[in-house]
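Trainee: Sequence positions in the sequence shown follow the working numbering and run 20 to 484.
From the three backbone atoms N, C-alpha and C, an ideal C-beta is built for every residue, glycine too.
Note that this is a predicted model, so its numbers are computed, not measured.
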Amino acid sequence: MRRTIEQDSALADFPGVLNALDDEVAVLDASGYIIAANGAWERFRVENGGDPDACSIGSNYLAVCASADGPSSAAAQILPDALAGTLQTGNTFRCEYPCDSPTEKRWFELTANRYQQDGKAYLIVQHRNITKRHVEREEIEQAYINSNAMAALIATTSDAVISYDLDGNIITWNPAAARLYGYGAEEILGRSLETLYPEGWPKRVTYYRDEIIAGRLQDFEATRIAKDGTERDVWISCAPIRNSDGEVIAISNIHRDVTDVRKAERARDLIAHEVIHRAKNMLSVVSAIQRQTARAAETLEDFNQAFGSRLASLSKSTDLLVHNAWTSVSLCDVVTGHLEPFTSVENDRRVTIAGPHIDLQPESVQTIGMAIHELATNSAKYGVLKQRRGQVAISWEVEEGSGLLQFRWLESGSVSESTLSRKGFGHTVLTSHAATMLDTNASYEMNSDGVSWEIKLPPAHFKAR
């Protein structure tokens with residue numbers, strides 16, 4: 020709605036005064052019609068685009084506000100009642116609203132005041148561009164939110180977050196750093212970051228500082244020392260901290276504890292090497308069994324029977340090791356396990372087993388197991404376990420002083436004369452193979468009184484409980 024505006028004597032001096040103002044200013048009569056406006060208002064009106072006559076002199080400002088849509092419509096639609104209240108009471112009305120031009124986002128502050136002259140009331144409506152202030156306020160609010168979020172993140176993260184000044188002195192220390200290294204903030208703040216370095220660490224904190232500032236170092240792995248002397252493997256992410264002028268003022272570090280990961284990796288590598296080593300040893304043993312068995316066998320059937328039996332013995336030792344996670348096996352279990360194919364130890368009065376609890380290392384399990392198998396095989400073919408008379412006494416003890424484990428097989432009371440002349444693979448196992456594998460000496464005697472085998476194991480091959 021528009022109408023022709025007649026010059027009001029009360030407003031005769033307004034154009035000059037209004038044009039001196041930077042803000043967009045318009046004068047409304049009591050009905051809401053614009054009766055005067057300054058140049059800034061006219062430019063503002065044109066920049067907004069849309070209806071070229073909207074908010075021009077002669078248009079009804081209140082009607083324009085009531086029909087507004089878009090981002091500023093919510094604020095615009097409360098203006099008719101608000102401005103009417105200002106006309107009635109004289110109270111200043113103020114609000115902020117978005118008013119985007121076709122090319123940029125903008126925010127404005129609208130202020131309305133009542134002006135009275137010659138018994139008439141007018142409204143002076145002033146628009147001030149507050150885009151910069153609004154953006155700065157939003158940035159401050161967002162920075163505040165970000166700061167709080169970052170503080171919460173640093174306080175709750177499981178990674179140690181540390182910063183130090185350009186001299187290498189620690190200036191921030193989060194709870195995770197306290198948990199990782201054992202120092203409370205009150206103990207460590209102000210101290211050199213090198214407090215965490217192992218003795219003799221080759222690189223100074225100044226080296227890391229210079230490399231980080233130069234952009235050549237973003238992350239690296241290092242060893243650091245906790246308050247109690249514990250070494251920790253840590254993965255360190257790092258970056259320079261700059262002030263508002265872009266000047267580097269400090270260095271930030273994030274320390275992630277990878278100690279357990281590195282231990283697991285080293286254990287995995289050790290196990291892999293150990294598996295390869297044991298596999299090679301096993302193949303060597305199998306190859307030796309094959310050669311020696313073939314050398315002593317008179318027929319293919321004899322070879323197959325002896326070779327198969329010896330592989331079964333080797334498999335039994337391996338089963339015992341696997342059952343115990345390839346760590347150690349009770350010597351008693353090794354003995355009873357290898358005697359099982361030949362006799363029931365619990366019910367056979369001819370066999371006695373005596374000795375303290377001893378755990379054998381893997382190499383010993385295989386070697387002692389193979390020796391027991393050969394002794395039991397010979398006994399089952401020619402001795403006590405065949406003829407059901409005599410005695411097999413198996414015993415062991417740890418010698419005082421030397422700390423050696425002495426293991427004995429003593430078979431007496433029933434030995435075939437044919438046994439005395441046999442020197443096949445079993446004889447090799449009992450006289451040289453076992454001693455060589457365990458880096459010790461073994462004695463093996465066969466005579467008309469019986470069979471005796473004795474070996475002494477160094478402490479590295481066993482553990483007494």
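(1) Please tell me whether residue 60 and residue 49 are closer than 8 Å, where the distance is taken between their beta carbons.
(2) Helix, strand or coil: how does DSSP classify residue 77 here?
(3) Count the other CB atoms, across all protein chains shown, that sit within 10 Å of the CB of residue 169; report buried if there are 16 or more and exposed otherwise.
(4) In whole angstroms, give me the CA-to-CA distance for residue 186 and residue 285.
(5) When the Cα atoms are used, what is the spatial distance from residue 123 to residue 166?
(6) In terms of DSSP beta bridges, what is residue 465 paired with?
(7) Under the assumption that residue 379 contacts residue 391 (Cβ atoms under 8 Å), give the Cβ distance between them as a whole number of angstroms.
(8) Measuring CA to CA, which of 282, 131, 210, 232 is closest to residue 242?
(9) Buried or exposed: residue 402, going by 16 or more other Cβ atoms within 10 Å of its Cβ?
(10) Considering Cα atoms alone, identify which of 350, 405, 347 is closest to residue 367.
(11) Looking at C-alpha atoms only, which residue of 354, 230, 374, 125 is the closest neighbour of residue 66?
(12) Tell me the residue span of the alpha helix (DSSP H) that contains residue 381.
(13) Would you say the stretch 252 to 262 touches the stretch 202 to 212, given that touching needs at least three Cβ pairs under 8 Å?
(14) Tell me, to the nearest whole angstrom, how far the beta carbon of residue 424 is from that of residue 415; I am working on the premise that it is less than 8 Å.
(15) Applying the 10 Å Cβ sphere with the 16-neighbour rule, what's the burial state of residue 396?
(16) Output needed for residue 181: all residues of its chain with C-beta closer than 7 Å, excluding positions within five of it in sequence on either side, in chain order.
(17) Would you say residue 213 lies against chain B (beta-carbon separation less than 8 Å)?
(18) Does DSSP put residue 487 in a helix, in a strand, or in coil?
(19) Let me know if residue 36 comes out buried or exposed under the rule of 16 or more other beta-carbons within 10 Å of its beta-carbon.
(20) Who are the near neighbours of residue 94 in its chain, counting only those whose CB is closer than 6 Å to its CB and skipping five residues on each side?
(21) Checking the sheet assignment: what are the DSSP bridge partners for residue 55?
(22) For residue 152 and residue 264, I'd like the C-alpha separation in whole angstroms.
Mentor: For this structure:
(1) No, the pair does not count as a contact, with Cβ atoms beyond the cut-off.
(2) coil
(3) exposed
(4) 36 Å
(5) 29 Å
(6) 470
(7) Contact annotation, residue 379 with residue 391: C-beta distance approximately 12 Å; criterion of less than 8 Å not satisfied.
(8) 282
(9) Classification of residue 402: buried, given that the 10 Å Cβ count is 16 or more.
(10) With distances taken between Cα atoms, residue 367 lies closest to 405.
(11) It is 125.
(12) Residue range 381 to 401 is occupied by the alpha helix (DSSP H) that includes residue 381.
(13) no
(14) 6 Å
(15) buried
(16) 189, 191, 192, 196, 272, 274
(17) Among the protein chains of the structure shown there is no chain B, as only one such chain exists.
(18) With the chain covering only 20 through 484, there is no way to say anything about residue 487.
(19) exposed
(20) 114, 116
(21) 46
(22) Taken atom to atom, the span from the alpha-carbon of residue 152 to that of residue 264 is near 21 Å.
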